[in-house]
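Under my numbering, residues 20 to 385 are what the sequence shown spells out, in order.
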Amino acid sequence: MPVESGFVSLGIDDQNLDLLLDSGFWGIAVLDGDWYKRTFGKYACRKRRQGCYFCPKEDPCVFEGDEPSENLQFADGKILKCIMRSGKLVLESQEGSEFLFRVCRGISWDDEAKPTGLFGISMVPPSSERFQGLASTESTLETLMRYNFTGRRSYTLQTIADRISKFISGELTLGGTLNGPEAEQHSFPEFAVNPETHGAFAAVWVSSVELFGAGRKLKAREPLSRRHPPSFLAIIDTGTSGISLPCPVLIDEMESGLRMGLRKERYGDEQITQMYMADEEKLVYVQEEAFDSLPVMGLRLRGESHSIRVDIHPKHYCGVPEEGDIFPDVTRSSKRVTEGILGTPFLRAYSVHVDYEDYKIALLKN
């Protein structure tokens, strides 16, 4: 399946939809078109990639009645109220009837993270305080297997380093395995298992974070993550546009590395101060001429037999310049968060294969 700026195309009940590919979600969720038009304007659903679905007039979607509903809460703060429906699914050249999906309305969101439809490719996490009432839920990949769309709970996402969109582009293949010469080209980090979610989400263990500039480590001291925490789990998430790491000094060190690189280019301290802005969570913006002085992020991942270093370059974590400025999409997680998120920048740098049958992750450098 083609992936364009993070979205895949499919059909539900003869309605063509573009849904955001989300490796941190397990189902198919569309937005109630009538609600969306009332909320965002009469013609809002005419725009591509809104994920609007219109329930049949003879079988309307009722959110305030006796029909069972659930609330889905996402990492960016969005909360969706959803009801279950079934219909005909068309995926590329295959189709199946009575395919379960969610029709949703937004309860909470911000202007930068308006609700959109989702095509989830994770497994279903066990029921917990965070994930309630999911014991009888089936993941999209499991349902596609049951309908013989695919023969394995796995996917391969071949990505391209496109800086134009905040989400990745490339090609998604559902099912399949890596064997022989193809497997030898990949690196195999350990599939990290969270005690709460078990192996529902594709994740890796990050044992250290280092910053590099001009081909060398910027500072000969301990890697950032060895100060806090000693190692952490990081989810590979196609539905997140940036990278977020639980390293308290991450932004301070990125700022220090940027200043060091600019001094090497003979900029004075007063000039440097005017070339970027930073706060506690991120580098807010950097002038385009300072791009080459931004550091490379080196993540050391726990591997099956040995550790694996993956490099995230500025071309991966920065989009295209806007009016002379670039906006690094790297943030320091809030103090309450102990997990990392590896979104678009990671996937620009590496294509990924995830196999939920034997819980393996494979990375291929782009």
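Backbone N, C-alpha and C fix where the C-beta goes; we use that ideal spot for every residue, glycine too.
For H372, which of helix, strand or coil comes out of DSSP? The sequence position of residue 372 within the sequence shown is 353, counting from 1. When DSSP states are grouped into helix, strand and coil, H372 belongs to the strand group.
Checklist entry - In chain order, what residues of the same chain lie with their CB nearer than 6 Å to the CB of G30, ignoring the 5 residues before and after it? => result The residue you call residue 30 lines up with position 11 of the sequence shown. Within the same chain, G30 has close Cβ partners V109.
Practice task
Quick one: give me the first and last residue of the beta strand (DSSP E) that R351 is part of.
Solution key: By one-based count along the sequence shown, residue 351 stands at place 332. Where R351 is concerned, the enclosing beta strand (DSSP E) stretches over V349 to R351.
Can you tell me which residues form a DSSP beta bridge with C123? Taking the sequence shown and counting its residues from 1, one reaches residue 123 at position 104. Note: C123 sits in a beta bridge opposite L50 and C101.
Exercise. When you compare only the Cα positions, how much space is there between G18 and D41?
Worked result: Missing from the structure shown is residue 18; the chain here goes from 20 to 385 and no further.
Check: From G322 to L137, what distance separates their C-alpha atoms?
Finding: Here residue 322 is taken as the residue at index 303 of the sequence shown, counted from 1. Here residue 137 is taken as the residue at index 118 of the sequence shown, counted from 1. Roughly 31 Å between the two C-alpha positions.
### Task
On a CA-only basis, which of Y286, S324 and S275 is nearest V315? Give me that one, please.
In the sequence shown, residue 315 corresponds to position 296, counting from 1. Ranking Y286, S324 and S275 by Cα distance to V315 puts S275 first.
Here's the rule I'm using: 16 or more other beta-carbon atoms within 10 Å means buried, otherwise exposed. How should I254 be labelled?
Residue mapping note: residue 254 aligns to position 235 of the sequence shown, counting from 1. Classification of I254: buried, given that the 10 Å Cβ count is 16 or more.
Quiz item: Going straight from the alpha carbon of Q113 to that of F168, what length do you get?
Solution: Here residue 113 refers to the residue found at position 94 of the sequence shown. Here residue 168 refers to the residue found at position 149 of the sequence shown. Approximately 7 Å between the Cα atoms of the pair.
Backbone secondary structure at H335 - three-state DSSP = As a first step, residue 335 must be located in the sequence shown, where it is residue number 316. DSSP places H335 in helix when its eight states are reduced to three.
Inset, instruction - In the DSSP assignment, find the alpha helix (DSSP H) that holds I270 and state where it starts and stops. - result: Along the sequence shown, read from residue 1 onward, the residue named residue 270 stands at position 251. Run containing I270: L269 to K283, per the alpha helix (DSSP H) assignment.
_Cβ-based burial, P208 [other Cβ within 10 Å; buried from 16]_ = Along the sequence shown, read from residue 1 onward, the residue named residue 208 stands at position 189. Label assigned to P208: buried.
Grouping DSSP H, G and I as helix and E and B as strand, with all else coil, what is C71?
As a position in the sequence shown, residue 71 is number 52, starting the count at 1. In the structure shown, C71 sits in a strand (DSSP, three-state: E or B).
**Study point:** For H205 and L383, believed in contact at Cβ under 8 Å, the rounded distance
**Key:** The residue given as residue 383 occupies position 364 in the sequence shown. The residue given as residue 205 occupies position 186 in the sequence shown. Going by Cβ atoms, the distance from L383 to H205 rounds to 5 Å, so yes, they are a contact pair.
Are the Cβ atoms of I140 and L160 separated by less than 8 Å? Counted from its first residue, the sequence shown places residue 140 at position 121. Counted from its first residue, the sequence shown places residue 160 at position 141. Cβ distance < 8 Å, so I140 and L160 count as in contact.
Point to revise | T357 burial status per 10 Å Cβ neighbour count (16 or more: buried) | key: Counting from one through the sequence shown, the residue named residue 357 turns up at place 338. Exposure of T357 is indicated by the presence of fewer than 16 other C-beta atoms within 10 angstroms of its C-beta.
* To do: Just grab the DSSP bridge partners of C128 for me.
  => For the purposes of this step, residue 128 is taken as residue 109 along the sequence shown, with counting starting at 1. Checking the sequence, you will find Trp at residue 128 rather than Cys. W128 pairs with nothing; no bridge assigned.
| query | How many Å lie between C16 and V122 at the Cα? | reply | Residue coverage of the chain in this structure runs from 20 to 385, which leaves residue 16 outside it and unanswerable.
Identify whether P265 lies in helix, strand or coil by the three-state DSSP scheme.
-> To locate residue 265, count along the sequence shown from 1; it is residue 246. Here P265 sits in coil by DSSP.
Residues in the same chain with beta-carbon distance under 7 Å from T350, minus the five sequence neighbours each way, listed in chain order, please.
Here residue 350 corresponds to residue number 331 of the sequence shown, with the count starting at 1. So the list reads G261, S263, E300 and K301, once near-sequence residues are dropped.
_Classify D377: buried if its beta carbon has 16 or more other beta carbons within 10 angstroms, exposed otherwise._
Taking the first residue of the sequence shown as 1, we reach residue 377 at position 358. Flag for D377 reads exposed.
| G362, buried or exposed, once every other Cβ within 10 Å from all chains shown has been counted against 16 | Working through the sequence shown from its first residue, we reach residue 362 at position 343. Around the beta carbon of G362, 16 or more other beta carbons sit within 10 angstroms, so the residue counts as buried.
Which of the three DSSP states is assigned to P144 in this structure?
The residue labelled residue 144 in the question sits at position 125 within the sequence shown. Of the three classes helix, strand and coil, the one that applies to P144 here is coil, per DSSP.
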